[in-house]
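Q: Numbering (our numbering), first residue to last: 765 to 972.
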Amino acid sequence: DLRASYNAADRGIGYALEVLTRLRRGRTTITPIPLADVAGIHLEKNSATPLRHPAFDVHHVHISAKTREVAEWDQPLVAAHGTGTAALLLFPDEKGILRARLRVDQSPGLTHSPEWTATIVDVPGSPATPLPADLEIRAEVWCSDSGGRFDNTQQRLIVGVVPTPPVHPNNDAPYVDLTLGALERLVRTPGAVTNELRSTIALLLSLA
Numbered sequence: 765d766l767r768a769s770y771n772a773a774d775r776g777i778g779y780a781l782e783v784l785t786r787l788r789r790g791r792t793t794i795t796p797i798p799l800a801d802v803a804g805i806h807l808e809k810n811s812a813t814p815l816r817h818p819a820f821d822v823h824h825v826h827i828s829a830k831t832r833e834v835a836e837w838d839q840p841l842v843a844a845h846g847t848g849t850a851a852l853l854l855f856p857d858e859k860g861i862l863r864a865r866l867r868v869d870q871s872p873g874l875t876h877s878p879e880w881t882a883t884i885v886d887v888p889g890s891p892a893t894p895l896p897a898d899l900e901i902r903a904e905v906w907c908s909d910s911g912g913r914f915d916n917t918q919q920r921l922i923v924g925v926v927p928t929p930p931v932h933p934n935n936d937a938p939y940v941d942l943t944l945g946a947l948e949r950l951v952r953t954p955g956a957v958t959n960e961l962r963s964t965i966a967l968l969l970s971l972a
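As structure tokens, this is what we get:
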């Protein structure tokens with residue numbers, strides 16, 4: 765099934781890139797504000813935990829490492845309250861070819877916002893989105909969140925198959941359904957996909 769999806773003709777990547785271009789033209793300008801002005805954040809002076817939030821804390825750490833290119837440095841680390849989830853859901857189209865449903869992520873912190881992401885993404889500390897009841901999980905791993913800015917933050921990666929196109933219960937963001945061949949070409953396009961989507965695709969490749 766994966767081989768057939770990889771070899772199937774699919775022009776969906778053109779539409780996927782067109783959606784990103786259109787959304788980027790109309791995106792809202794982001795204006796930085798002081799952390800102290802953000803609702804729900806509490807800053808503590810003279811503390812090892814200078815920032816507290818309902819979904820995460822930030823720890824300020826000093827690091828010494830003789831084997832690194834820099835011997836010492838100070839760094840803030842994000843410690844999430846909970847575990848994140850990224851699920852890439854596949855489904856057979858009307859011809860029986862497997863397609864992956866991607867959703868647009870317009871989070872302002874993304875370098876090239878918006879970007880395509882996995883079908884379901886819950887960042888650590890956020891409410892969990894229920895997975896489809898008819899989901900057949902084909903691969904599942906727990907891993908450290910990507911990047912060097914997280915303190916013991918984990919992400920649950922899932923690749924699964926559903927019999928019909930999945931519907932996200934809490935989001936009406938644009939979506940696209942791509943074959944594996946088109947998905948591979950999209951991932952190679954700079955600034956087109958999130959880290960969560962790259963991670964779930966890596967898990968998908970372990971099945972191929």
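Even for Gly, the Cβ is constructed at its ideal location relative to N, Cα and C.
Is D838 buried or exposed, if buried means 16 or more other CB atoms sit within 10 Å of its CB?
A: When all chains shown are included, D838 counts as exposed.
Q: Leaving aside the five residues before and after L921 along the sequence, list all residues of the same chain whose C-beta is less than 6 Å from its C-beta, in chain order.
A: A850, V905, S963, T964 and L967
Q: Any contact between the region 880-897 and the region 845-860? By contact I mean 3 or more CB pairs, one from each, below 8 Å.
A: yes
Q: Have a look at T928 and E900 and give me their C-alpha separation to the nearest angstrom.
A: 12 Å
Q: Where does the unbroken alpha helix (DSSP H) through L766 begin, and where does it stop?
A: L766 to N771
Q: Would the C-beta of R767 count as close to the ligand NAP, meaning under 7 Å from any of its heavy atoms?
A: Absent from the structure shown: the ligand NAP. Ligands present: none.
Q: Could you tell me the alpha carbon to alpha carbon distance between V842 and A773, rounded to whole angstroms?
A: 42 Å
Q: Suppose the cutoff is 6 Å on Cβ atoms and the five residues either side in sequence are ignored; what does the same chain contact list for G778 look like?
A: For G778, where only same-chain residues beyond five positions count, there are no Cβ hits under 6 Å.
Q: I'd like to confirm the pairing. Which residues does DSSP put opposite Y939 in its beta bridges?
A: R867
Q: Pick out whichever of H876, E948, L971 and G912 has its Cα sitting closest to the Cα of G776.
A: E948
Q: Are the beta-carbon atoms belonging to L766 and L971 less than 8 Å from one another?
A: yes
Q: Cα separation between P746 and S769?
A: Summary: the structure shown does not reach residue 746, with the chain confined to residues 765 through 972, and so no result is reported for it.
Q: CA-CA distance, R902 and G860?
A: 18 Å
Q: Just to confirm before moving on: does the CB-CB distance between A844 and P894 stay below 8 Å?
A: no
Q: With distance defined between alpha-carbon atoms, name the residue in D915, V923 and N959 nearest to D821.
A: From the listed residues D915, V923 and N959, the smallest Cα separation to D821 is found for D915.
Q: Per DSSP, which one or two residues make a beta bridge with P840?
A: BP columns for P840 point to H824.
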